[in-house]
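In our numbering, the protein residues as written are 6 to 235.
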C-alpha cells in the first residue's frame with residue numbers, strides 16, 4: 006500500500022487539534038478546581054479585589070478611574086470583534102470566489118476542493134466564535150460600567166464582580182478562538198506546519214498560563230508595596 010500525502014491530513018491535523026483541545030480542557034479544570042495555579046485565576050482574584058476597593062470607596066475620583074479602565078477593555082474587545090468579523094467576511098468572499106491559491110503542488114498535503122472547503126469552514130467558525138465572545142465581553146463590561154456609575158446605589162458587590170469577571174472570561178475565550186484560528190490558518194500551507202504550530206502553541210500557552218506564586222505571597226508583596234508607598 007502506497008502512502009499518499011493526503012493521508013498526512015488525516016493523521017497530523019486531528020492530532021494537532023487533539024493536543025490543543027486536551028490542553029484547554031486541562032486548563033479549564035485547573036481554572037475551576039485550582040485557580041491559584043493559573044494566571045487566569047490570579048487575574049480573576051485581582052479583579053475581585055479591584056471591584057471591592059472601588060465599591061468600598063465610591064468617590065468621584067475612584068469611579069472615574071474605574072470607568073476609564075472598563076472603557077479601555079470595551080474598546081479593546083470591540084476592536085478585536087471588528088477584526089474577527091472582517092476576517093470572517095474576507096473568508097466568506099474567498100469561498101465564494103473559489104480561489105485556487107492554496108491548491109498549489111508545492112503544498113505537501115491534501116489540496117482537493119472538498120478538503121479546502123473544510124479548511125475554510127473551520128477557520129470561519131473560529132473567527133465567528135471569537136467575534137461572538139468579544140461582543141459578549143463588551144456587553145459584560147458595559148453592564149459593569151452601569152453598575153459602578155450608578156450614584157448612591159446599594160448594589161451588591163458580587164454583581165459587579167460577576168460582570169467584570171464574565172467580561173474577562175469571554176475575552177479569554179475569544180483569544181483562545183483566535184489561537185485555534187492561527188493553527189487552522191497554517192493548515193492551508195499543509196498539515197505539517199499546522200501540527201508543528203499546535204505543539205509550539207501549547208508549549209507557549211503552558212508557559213503563559215501557569216502560575217507558581219501563591220495568593221498569600223501576592224498579598225504580602227502587595228501590602229509591602231502599599232506600606233512603602235505610604
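The C-beta atom is built at its ideal place from N, Cα and C for all residues, glycine as well. Keep in mind it's a predicted model, so treat the numbers as computed, not measured.
Start and end of the alpha helix (DSSP H) containing residue i?
| i | result |
| --- | --- |
| residue 124 | 118-154 |
| residue 37 | 12-38 |
| residue 163 | 162-192 |
Could you give the C-beta distance for residue i and residue j, rounded to a whole number, given that I count them as a contact under 8 Å?
| i | j | result |
| --- | --- | --- |
| residue 160 | residue 152 | 5 Å |
| residue 21 | residue 200 | 4 Å |
| residue 57 | residue 162 | 6 Å |
| residue 145 | residue 182 | Wrong, their Cβ atoms sit about 17 Å apart, outside the cutoff. |
| residue 14 | residue 120 | 6 Å |
| residue 68 | residue 154 | 6 Å |
| residue 136 | residue 90 | 5 Å |
| residue 204 | residue 24 | 6 Å |
| residue 175 | residue 142 | 4 Å |
| residue 187 | residue 202 | 7 Å |
| residue 216 | residue 44 | 5 Å |
| residue 113 | residue 197 | 7 Å |
So if DSSP puts residue i in a beta bridge, which residue, or which two residues, is it bridged to?
| i | result |
| --- | --- |
| residue 43 | 215 |
DSSP three-state label for residue i, please.
| i | result |
| --- | --- |
| residue 112 | coil |
| residue 80 | helix |
| residue 62 | coil |
| residue 159 | coil |
| residue 97 | helix |
| residue 233 | Bear in mind that a pLDDT of 49 at residue 233, under 50, signals an unreliable position, so the number given afterwards is only what the model happens to contain. Looking at residue 233 - three-state DSSP - the assignment turns out to be helix. |
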